[in-house]
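*Asks:* Structure in structure tokens, see below.
In the working numbering, the protein residues as written are 245 to 321.
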């Protein structure tokens, strides 16, 4: 399993439990911004423009693996 920092795990778990989340574009110099950028660089999340002043953050399959949380419909063995 990849090394996942606590704040990265929290973000990944939030995305697994909640689905996509909208994040304001004006979060510069925050822990949330750094965490999203770190996860995006590792391919764990994907961001896309959502609306005026927001972007949508989505977990990827690679992010699900990193979080060690199974995809919906899958069971752990």
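Using N, Cα and C, we set each Cβ at its ideal position, and we do this for glycine too. The model shown is predicted, which means the values in this text are computed figures rather than measured ones.
1) Excluding sequence positions up to five away, which residues of its chain have a Cβ less than 6 Å from the Cβ of residue 249?
2) Taking the beta carbon of residue 254 as the centre, do at least 16 other beta carbons fall within 10 Å, making it buried, or is it exposed?
3) Mark residue 293 as exposed unless 16 or more other C-beta atoms lie within 10 angstroms of its C-beta, in which case mark it buried.
4) How big is the Cα-Cα spacing for residue 270 and residue 256?
5) Are there 16 or more other CB atoms within 10 angstroms of the CB of residue 311, so buried, or fewer, so exposed?
*Replies:* Once the coordinates are examined:
1) If we look at residue 249 and ignore the five residues flanking it on each side, it has no Cβ neighbours.
2) So residue 254 ends up on the exposed side.
3) Classification for residue 293: exposed.
4) Going from the Cα of residue 270 to the Cα of residue 256 covers about 21 Å.
5) So residue 311 ends up on the buried side.
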